[in-house]
Amino acid sequence: MSEQKIIEIEVLRYLPESDQAPHSEVYKVPFTDDMSVLQGVQYIKDNFDGSLTFRWSCRMAICGSCGMMINGVPKLSCETFIRDYYPRRISVEALDNFPIEKDLVVDLSGFIEKLEAIQPYIIPKEPRTVEQGEYIQTPAQFAEYIQYTSCINCMLCYAACPHTGLDPDFVGPGAMALLHRYNMDSRDGGQAQRMELAASEDGVFVCGATGYCSEVCPKKVDPGNAVNINKINAAKDYFLRFLSPKGGAK
Amino acid sequence: MEIYKADVVIVGGGGSGLRAAIAVAESDPSLKIALVSKVYPMRSHTVAAEGGAAGVKRADDSLDYHFHDTVGGGDWLCEQDVVEYFVEQAPIELTRLEHWGCPWSRAADGHVNVRPFGGMKIQRTWFAADKSGFHILHTLFQTSIKYPSIKRFDEYFCIDLLEEDGRCQGVVAIEMGTGEFTMIEGKAVILATGGAGRVFRESTLGGIVTGDGMALAFRHGVALRDMEFMQYHPTCMPITGLLFTEACRGEGGYLVNKDGYRYLQDYGLGPLQDKPKNKYMELGPRDRLSQAFWHEQQKGRTIEHPVFGSVVHLDLRHLGEAYLHERLPLIYEMSETFMGIDPAKDPVPVRPGIHYTMGGVRVDGKCETSLSGLYAIGECASVGIHGANRLGSNSLTELLVFGRLAGDEAAKRAKSLPPGDSASLLKQAQEAEQRVLALKTKTGGTERMSTIRKEMVKSMEDGCGIYRLEETMQKTCDKLGELRERFRNISLDDKSDVWNTDWLYTIELDYQLDVAQAMAHSAINRKESRGAHQRLDGPDGAYTQRDDVNYLKHSDAYYVPGSAPRIDYGDVKITKSPPAARAYGAAGEKADQERNASHV
Amino acid sequence: MSKRRPYVRSMDGWWKKNPFYVEYMIHEGTALFVAAYAIVLTVGLVCLGQGEAAWNGWLEAMQSPLSIIFHLVLLVAIAYHAFTWFKLFPLTMPPIVLNGKKMEPCAIVGAGWTAGVVAALALFVIVWGIAA
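Protein chains in written order, with our numbering: chain H, 624 to 873; chain S, 477 to 1076; chain E, 618 to 749.
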C-alpha cells in the first residue's frame, strides 16, 4: 500500500434538531492516493462521527447521489480525489442553491417536481405496436439527442446556476436538458406541449447565460446549451404565432 | 403513524420495480400503486449496469439458442420452463423499451444493434453504449412519470412486511427525511429491492445493495433459494471493485497475464481467437473466467502490483481510441479518472470482484412467493433463470420480463380481493416501529456498527470466495453467528430523527447479517462444485466435481429466529435440456454439434 | 410533528464566491460600456444633424484628453465584453454539424472571432476609402 498521509477535511455540518444554523467541523483523515473525497467523508462517518450524513451509492459517477461543494466547486465526491488537494485543506459543503436538510443532504423535491413537469417521456409522433418492431433511427437522428440523454440528475448544474438560487422556480439546466432530449428525439412528437413550460415565466428566459452549469457537468451534457437553444426555439414560436394563420405552435 | 391505502405496493424503484409499476398502471389505471424506495428511483443500482440486455434479435439466432446458452451457463440449475418463458418475452420487452425512448445503440441502417457477450452463442445483447443500465433505468423512471396512478414514496426505507390471514397485505416504512413511520397497505406486495452483494468487501456494487427485500421475506418464512451462488465478475477495478463491463471483451478486449499471455486458452476456452468469437476465450462465462484468474494467481502468473495486489491486464489498446470512445465511453472515462490510465495506450489492471446474487427470494414462474400476495422480482428474487451462474446481459432483461409479469399478476390479484383489516395491520406496524426504534434509542452498547460491517464483509470474502473450503466456510458461519450476537450490543452515534443514516445503515446491517448467514450456510451444505460455487475439498476431492445425483437441487434457506438458517433442498425443473457436460471453446462447439446430431 | 427544518443559505454576494461568476458579472457590467459608446455615437449623429458648428463642437469634445481617456477605458471594457461574448458562442448557439461531426467549441469561438475581425477590417477599409 502507498504511504498514508493525513488530510484535513472541513465539513459544513447542520443538524436540524440541534443547530440553528450550519457550522464547520474539521476532521483529520488518513488517506491513500487512491481515495476519493467520498471515501474521506465515509471514513469520518465510520470512525469519528456516525451522525455525519450524506447521500452516496454507486461510487462510479453514474448514480448521481454524491454531489457536494468541494472547495466551493460542485463536484461528484466519488470521482474527486483527495490527493489532488493535499496538503491543502478540503472544504466540503452541501450543494449550493438547495435547502440543506442535514449536513450534506439537500432537499431535491423541487427538482423532482420540475422533472415531472417537463413530460420526460416519449409522446409518440406515430404510435407503434411491438409487432411492428422498433423505430428506425438513423445515425444523424440519433446524434441529435443522445448527448442530452446522459444527464444523471446529479444536481451539480443547479448548484452552479445562480439564477436557480435567485429564482428557485426556474426549471433549470438539468430538467431543460431532458426536455430538449425528448424534443430532439425522432420518435417524439411532444415538442409543442413541452415548449409551453420552456417559454413560460419559469422557463428558459430566467437563464442569464452564466454557462457555469455546462462547465461543472460531469457527463458533458452541456445543459446550458439546451437552455439557450430553447430561448431561440421559444422566440421562434412566439414570432411565428403572428405569422401563421392558425396561430402557429401553441 | 401515517396510513396510505394502495392496491399494489412495490418495494424498490430500480428497473424491475419501475417496470412492475408501469405494468400495473397500464393494466388498470384505477389501481393505486405505491412505489416505495430508499433512494430516488434513478439512483437505484440498475443504473450501474453497463454491457446490455439479452434478447434474440438477429435472423441467425433463435429462442432455442438463447434457452440453451442460459441453461448451460447456469450449470443446469435453472427452472427450464421459466427460462423458456423468459427468452420468448425478452425481445418483446426490449422492443417496448425502445418505444419508450431507450437510446439503444444503432447499426448504420438505423436498426437496434446487438453485441457479443460471454457464454452467448450468437450476438444478442442490446446495448446503449456501455451505459445500458443507466439508460434503461432513466427511461423507465421517466416513463413512469406519465402514469398518475403511481404514487412514489421516494426515500422511504422499508422495515417490515405486514401479514394477516396468511396473506401479505402491506409494508411499514420510515420516511427518511423525518424519521416518521408510514404504513402502506396493499392487496399485493412486490419486492424489487435488488441484490445483496454488499455483504462482501470488494464488489462492483453500490452502497444500497444490502439485500433488504431478501431479509424481509426470509423473516416471514419465505425461502431464500440458491444463495451460495455469488457471481464474481472477472474484470473489476482493484480495491474499489468498480466494474469494467464484459462488453470490453465482447468488443474484442484481451485478458493477459504477467507474460502478456492470453491465459484463458489454458482453461478449456481455447483455441486462441484473434477476433471475438462467441463462447470462446474472453467470451467464456463469468464463473470460468474468475476461476481462471484464481488458478493463474496460484501459479504465480498474475501481475503483482504494489497498490492493487494481484491483477491481470485487460488489454483494449488494439481497439483504438475512436472505437473505445464510441462503444465503451464510460470505461474510458473510468480508467482515466479512477486509475489515471488511458486504455487506448495502456492495458488496464483488473481482478475479479463480487457482482451479482444469483439466488434470492424463492418465487414460482409467476413471481409469487410461498407467502400469498407477496411477489419478488429482479435480483432480489430467484425465479430460476440464472441457476448456478448468470450469463451477462440476462439480468437487465429479467428486470423487464418479470417486472412486467409480476405487475400484471399483482394487478389481477388486487382487483379480485377486498381491502384488508386496517386495525389489525396497524397493530403489527406499530410493533415493527417499536422494534426498529429500539435500535436507535438503545444506550450503553459498546459495539460500533461500522466495525461489525467490516468484519462481516471480510469474513464473507474469506469463506465464500471463488474457491471454497469446508474449514474456511465454517469459520465464516461461526463469525456470522458471533456478529449476530454482537449486533445486539451496537450503540449509535446519532439518536436524531431527521435523516438518520446511522440508524438506517444499522437496519441494513441487520438485513445483511441474515442474508450473509443464508449464503454461508447454503454454501457449506452444498458438497459439490457447480457454476459459481466451487469447492476444493471433499473425500478424494469429491466436492470438486458437479454431483447431479445428490445436488441437482435448489438449496432453500429458511429463517430460524435466533439461530443459523435451516437448509433444505428442492427439485429443479427440467423440460428439454437434460444435464450435460458444460463446455466452452472448441469442446463446447463439439458438444453442440453432437447434441444437434442426436436431435435429428 | 415533523422535525425537518431545511436551512436556506443566503444568496447575498453570490457573485463574489467564484471566479466564474465574477467574470460573468464583469461581462454583464461591460455591456453598459457598449451602451455608453452607442450614446456617444448617437450624440455625434444628432450634432451632425444640427449643422456644422455643432458637429465641429462634438469633434472637438472627442479630442479632449478626458474623452481620449474615456475612449481608452471603453476600448478595454468593450474588448473584454467582446472576448467573453465570443466565449459564450458555443453555449448559446445551436450545435453546428459539419460533415456529420459536431463543431468543436474552440472552432466556434475561432470562427466568431474571424468573422468579427473580418467585419471590422471591412468597415475600416470602407470608411478609410470614403474619407480618402
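Glycine is no exception: its CB is placed at the ideal position from the N, C-alpha and C atoms.
Asked, Found
"Where the alpha helix (DSSP H) through glutamine 752(E) begins and ends", "Because residue 752(E) is not part of the residues shown, which for chain E are 618 to 749, the question remains open."
"Interface residues of the stretch 625-658 of chain H facing chain E [CB-CB below 7 Å]", "Tyr637, Pro639, Glu640, Ala644, Pro645"
"Cβ-based neighbour list, glycine 870(H), same chain, cut-off 8 Å, excluding 5 preceding and 5 following", "In this predicted model, glycine 870(H) has a pLDDT of only 49, less than 50, meaning its place in the structure is not dependable; the value taken from the coordinates is given anyway. Counting only Cβ-Cβ distances below 8 Å, and skipping sequence neighbours, we find Arg864."
"Whole-angstrom distance between proline 714(S) and valine 696(H), CA atom to CA atom", "29 Å"
"Three-state secondary structure assigned by DSSP to glutamine 1021(S)", "coil"
"Cβ separation of alanine 849(H) and tyrosine 781(H), assumed to be a contact under 8 Å, to the nearest whole Å", "No, alanine 849(H) and tyrosine 781(H) are not in contact; Cβ-Cβ is about 14 Å, not under 8 Å."
"Of the listed residues Leu968(S), Val824(S), Tyr832(S), nearest to asparagine 733(S) (C-alpha basis)", "Val824(S)"
"Close-in-space but distant-in-sequence residues of the same chain around methionine 624(H) (CB under 7 Å, 5 per side omitted)", "Confidence at methionine 624(H) is low in this model, with a pLDDT of 45, below 50, so its placement is unreliable and the value that follows should be read with caution. Taken in chain order, the residues that qualify are Thr655."
"CB contact flag (phenylalanine 633(S), serine 869(S), <8 Å)", "no"
"Reduced DSSP category for phenylalanine 784(S) - H, G, I as helix; E, B as strand; rest coil", "coil"
"Candidates Val660(H), Ser680(H), Arg804(H), of which the one nearest proline 517(S) by Cα", "Ser680(H)"
"Residues near threonine 948(S) by beta carbon distance below 7 Å, same chain, minus five either side", "Asp938, Gly939"
"DSSP three-state assignment for methionine 757(S), whether helix, strand or coil", "helix"
"Beta-carbon proximity of isoleucine 498(S) to threonine 619(S), cut-off 8 Å", "yes"
"Within chain E, partners of glycine 653(S) - CB distance below 7 Å", "Arg621"
"Contiguous alpha helix (DSSP H) assignments of at least 4 residues, all confined to the stretch 704-736 of chain S", "723-726"
"Positions along the stretch 795-814 of chain H whose CB lies within less than 9 Å of some CB in chain S", "Leu801, Arg804, Tyr805, Asp808, Arg810, Asp811"
"Under 7 Å from the C-beta of methionine 683(H): neighbouring residues of chain S", "Ala524, Leu718, Met810"
"Partner residues on chain E for asparagine 851(H), Cβ-Cβ distance less than 9 Å", "Leu705, Leu708, Thr709, Met710, Pro711"
"Chain-ordered chain E contacts of glutamate 739(H) [CB-CB under 9 Å]", "None at all; the shortest Cβ gap to chain E is about 20 Å."
"Residues that aspartate 791(S) bridges to, as DSSP identifies them", "Tyr730(S)"
"Inter-residue spacing [alpha-carbon to alpha-carbon] between valine 1036(S) and glutamate 640(S)", "20 Å"
"Cα-Cα separation, alanine 872(H) to alanine 815(H)", "With a pLDDT of 44 at alanine 872(H), under the threshold of 50, the modelled position of that residue is not reliable, and the figure given next carries that caveat. Straight-line Cα distance between these residues: approximately 6 Å."
"Beta-carbon neighbours of valine 515(S), restricted to chain H and to distances below 9 Å", "Arg678, Ser680, Cys686, Ser688"
"Contact between the stretch 777-796 of chain H and the stretch 825-840 of chain H (3+ Cβ pairs under 8 Å)", "yes"
"Short-range partners of chain E found in the stretch 952-973 of chain S, where Cβ spacing is below 7 Å", "Asp973"
"Beta-carbon proximity of valine 639(E) to tryptophan 632(E), cut-off 8 Å", "yes"
"With 16 other Cβ atoms within 10 Å as the buried cut-off, status of tryptophan 576(S)", "buried"
"Proximal residues to proline 876(H) (C-beta, below 8 Å), its chain only, five neighbours per side dropped", "Here chain H comprises residues numbered 624 to 873, so residue 876(H) is not present and cannot be evaluated."
"C-beta neighbour in chain H for arginine 519(S), strict 8 Å", "yes"
"Separation of arginine 929(S) from leucine 915(S), as counted between CA atoms", "16 Å"
"For serine 1005(S), the nearest candidate out of Gly941(S), Gly490(S), Pro747(S), Gly829(S) (CA to CA)", "Gly941(S)"
"Sub-8 Å separation of serine 1096(S) and isoleucine 479(S) beta-carbons", "There is simply no residue 1096(S) to check, as chain S begins at 477 and stops at 1076 in what is shown."
"DSSP three-state assignment for isoleucine 817(S), whether helix, strand or coil", "coil"
"Pairwise C-alpha distance: threonine 761(H) and glutamate 767(H)", "10 Å"
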